[in-house]
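Each residue of the sequence shown is one higher than the one before, starting from 5 at the first, in this note's numbering.
Glycine included, each C-beta is placed from N, C-alpha and C at the ideal position.
Everything numeric in this text was worked out from a predicted model, so none of it was measured.
Take a look at the structure set out below.
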Amino acid sequence: WEPDHDTDCSRSQNNSVYNMSHSKGIPELPPLPAATTTEPSELYKVSNSYYPPLMQRMSWTLAVPFKEQRYYRSPSDSIANNYTLTARDLKLKDLHKMVPPAMARATLGSAKQRAVSPCIHTYRHSPELGTIYYSDTQPLTPEEQFVVMLQHEEEIHKQEESPSKSDIERYYYYIHNGIRKDMLAPQDKEVKDMILKHIPNHLLTNPNLETLLHSLTEEIQDDYHISLMKNIVDYILMDPAERERLFIGNIPRSFPQRVIRAPVPWHSVYQDIKSWNENHLFTVNPMMLMLQHLWFTEFSDLRFVRTKEVLSGDLPLLPSEFEDLVRRHCMEAHDILQNKWIPTCASLFIDQKERWLHLAPQSDYDSPKQIEEYFASVANLMSLQLREMVINSLEDLLAFFMIHKAGNDFGEPYQEMQFFVPQILIIKLNVEEPKIVFQPLWEDCWNLIYHCFMEILRSSEGLPKVEMQLFPELKKDDPTLRTVKVDESLVSKYVNKTARIFDSNVVGPQKYLNVYKKYSDLLNNSAEQDITGFLKESHSLDDFTKKIDSLTKLKKEIASMHVTVPLAMFCLDALKLNEELCNRAQKLKNKLIEFEVDENRELNKRYTYVRIQKMCKRRKIPLSSALPTHSSFSMISLSPWLQRWLYTWSDWGVAIPVLVMQRCSSGVDTNSAVIGLQGIKRYPRIPVHNKPEEWLNDQL
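Right under this line is the structure:
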């Protein structure tokens, strides 16, 4: 049996009451005549089916609900169509045409006279079932909101009927069998990859778990397909006509989604504040964004003190050099802000004047309040940017000193490699009897560091507002941008932190002075008094030698001490101090040598005078011809023949001191002469030499 070709196909397809063939309350068509031998048609198979089709078997697009057959949509109308009740009559021809902005005003009048399409009219007047309106004059607590939601759910539940056993059976049938899997969008590969990332690798590579991994992967795919098919079925069953055709009166209720809102009626307040900010603070004005973009792209990295450059430079520096360096950096940063940043901002306002010029008064009778508020907002923004730069500069300077926050309290003995980080300031050690002092004093060092912070604040002052560049004739009480003030708490915070670092770095230099305690006799004149007392007593030549050797050793020890002493933040310069101590030791040494030379000179004078007297008596010559007077006696005043006679004298103990005295009187270093004298001591009796003077010169 084949249906008559004149039969209304659409009626037979949609009026399912006449097309079902099974019992259980579902009407069915009369059976085929017994004499019919031909195969039933597709229409008869569909009509006689216990489960009417949910999706079209043949369609232009991949997945089209069966109910869409009545509309005969073209592929262009079907693409991106959600098949909602309110959009079922929409076609591409119903879309409004895009009108250019220039023609918008001209066509505004005619556009108002256009007729509204029936579908749009239906959508705007569609009733909202179960919508409850609440007043926000008094905010609800979370518990009260939960009670309201439960009441709302109960009202909806009263309007709905529970699904019957047949409804549930048919509902689950369509979920599992009503939609082919090839109609579903495949799951993104990234989803599976993200799931596998949470599984340890040793489990993924375990061959014993390969079967389990495969089954779990299939389970993920099945859950994904079931979820999609359930959503499609629920979406189609939102149409009452489809529920009637598919004989599903009600479906199981989904779990309600409850959201608790904070009990603050902020919406109206937010709208008011947002509107006020737009009209008075101009937070959304395009020029504000341009100023921010200019600052972050060109000037946000600018600092008043370029600490990175200082660290990479020649450290440590003398206090005066460090102060000059900081002052020069601050001056350069101030020049960049005044000569580049402010003019660039002004040029932006000139180039983009159409974005703010409408705020200016159009006549002499208009109020300039709005344009004044606008430029006040601009000044506030630029002041915040300037403050940001100042604060960042203060933080960088603090971080520069924070490198030495550990201090310099070293353990005994002092180890130079303990302080390998570059120091900042050079502190000189000087002698102010009877103690060693630091130059500059610690108070002066701290004042220098404090002035560095103050120099940053001073350099940020005096920058004009941008309107002073745009309108030079403008007179204002506050023509400059606001910056960080000295009395602000954040400045005190940075200064106090730096002061604590400074105090922790004063300990090391004071402790290092203990190294010079063993040389305190040289500082308080005790060593000089000791030498004076030593000379008042009678001592042998060996005693003098030991005393001179001890002073020589002391001088060498002082000369071998550290000239520069790294101590974290500071570097002590002990060159001048060491030189002063060496000079004092040398003076004491020279004093001993000169005393011994003078003593030997007098002794040699007396001894030589006696020898000359004996020689003159033996040769019967007058003493005056050899030596004028005893008081003016010297080796140089002797006659040449007498000098030669003395050199050949058998008692070299007389001739040698005389020659030493002669060389000392001719400008030879006293120290070297005495050393030579000490070396010749090992020759108590030397035979007569042909040229004794040459031999003595070689020995001396």
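The beta strand (DSSP E) spanning Asn434 covers which residue range?
Leu429 to Glu436
Would you be able to state if there are at least three C-beta pairs under 8 Å between the stretch 454-472 and the stretch 296-313?
yes
Does the distance from the CB of Pro570 to the CB of Glu437 come in under 8 Å?
no
State yes or no: is the C-beta of Pro260 within less than 8 Å of the C-beta of Glu157?
Cβ atoms of Pro260 and Glu157: closer than 8 Å.
Look up Thr65 in the DSSP assignment and say whether it is helix, strand or coil.
coil
Look up Leu319 in the DSSP assignment and say whether it is helix, strand or coil.
Coil.
Report the residue from Thr502, Ala578 and His338 whose alpha carbon sits nearest the alpha carbon of Tyr520.
Ala578
Just to confirm my understanding: we take Gln342, look at its own chain, exclude 5 residues before and 5 after, and list those with CB closer than 7 Å. What are they?
Leu467
Note down, in chain order, each residue of its chain lying with its Cβ closer than 7 Å to the Cβ of Val511, except the 5 sequence neighbours on either side.
Gly411, Asn412 and Asp413
Could you say which of Gln356, Pro244 and Arg174 lies nearest to Tyr54 if we only look at CA atoms?
Arg174
Using alpha carbons as the reference points, say which of Phe353, Asn281, Asp276 and Asn587 lies closest to Met291.
When C-alpha distances from Met291 are compared across Phe353, Asn281, Asp276 and Asn587, the shortest belongs to Phe353.
Under the DSSP definition of a beta bridge, which residues are partnered with Leu576?
Leu576 is bridged to Ile431 and Val569.
Are Gln422 and Lys432 close, meaning C-beta to C-beta below 8 Å?
No. Outside cutoff.
For Pro323, count neighbouring Cβ atoms within 10 angstroms of its own Cβ and tell me buried if that reaches 16, exposed if not.
buried
Using DSSP with H/G/I as helix, E/B as strand and the rest coil, what is Thr311?
helix
How big is the Cα-Cα spacing for Pro244 and Asn283?
50 Å
With distances taken Cα to Cα, identify the nearest neighbour of Pro57 among Thr65, Ser63 and Lys71.
Among Thr65, Ser63 and Lys71, the Cα nearest to that of Pro57 belongs to Lys71.
Would you mind sorting Thr287 into buried or exposed? The rule is 16 or more other CB atoms within 10 Å of its CB.
exposed
Output the distance between the C-alpha atoms of Asp226 and Gln275, rounded to the nearest integer angstrom.
Per the coordinates, the alpha-carbon of Asp226 lies some 47 Å from the alpha-carbon of Gln275.
Between Gln356 and the rest of its own chain, which residues show a CB-CB distance below 8 Å, the 5 nearest in sequence each way excluded?
Pro290, Met291 and Met294
Is it a yes or a no for the stretch 369-384 touching the stretch 492-504, going by three-plus beta-carbon pairs under 8 Å?
Between the stretch 369-384 and the stretch 492-504 there are fewer than three C-beta pairs closer than 8 Å, too few to call the two in contact.
Report the three-state DSSP secondary structure of Met619 (helix, strand or coil).
helix
Give me the residue from Asp186, Asn212, Val614 and Glu222 with the minimum Cα distance to Lys196.
Glu222
Keeping to the same chain, check which residues put their C-beta closer than 6 Å to that of Ser508; ignore five residues upstream and five downstream.
Gly411
Provide the residue span of the beta strand (DSSP E) that contains Gln443, from first to last.
Lys439 to Gln443
Helix or strand or just coil, what does DSSP make of Thr221?
In the three-state reduction of the DSSP assignment, Thr221 falls in the helix class, which pools H, G and I.
In whole angstroms, what separates the C-alpha of Thr111 from that of Leu96?
With a pLDDT of 42 at Thr111, under the threshold of 50, the modelled position of this residue cannot be trusted; read the value that follows with caution. So the alpha carbons of these two residues sit roughly 21 Å apart.
Determine the direct distance from the alpha carbon of Gly253 to that of Ser168, and round the result to whole angstroms.
Near 8 Å, if we compare the C-alpha coordinates of Gly253 and Ser168.
Please classify Leu401: is it buried, with 16 or more other beta-carbons within 10 angstroms of its beta-carbon, or exposed?
Note on Leu401: 16 or more other CB atoms within 10 angstroms of its CB, so buried under the neighbour-count rule.
I need the straight-line Cα distance from Asn518 to Ile430, nearest angstrom please.
19 Å
If you compare alpha carbons, which of Gln374, Pro347, Tyr177 and Ala589 is closest to Trp360?
Gln374
Quick check on Pro626: does DSSP put it in helix, strand or coil?
coil
Residues in the same chain with beta-carbon distance under 8 Å from Ile453, minus the five sequence neighbours each way, listed in chain order, please.
Phe405, Thr502 and Phe506
Where do the ends of the alpha helix (DSSP H) carrying Pro146 lie?
Pro146 to Gln163
Cβ of Ile236 within 8 Å of Cβ of Ile183?
yes
Decide if Leu558 is buried, meaning its Cβ has at least 16 other Cβ atoms within 10 Å, or exposed.
buried
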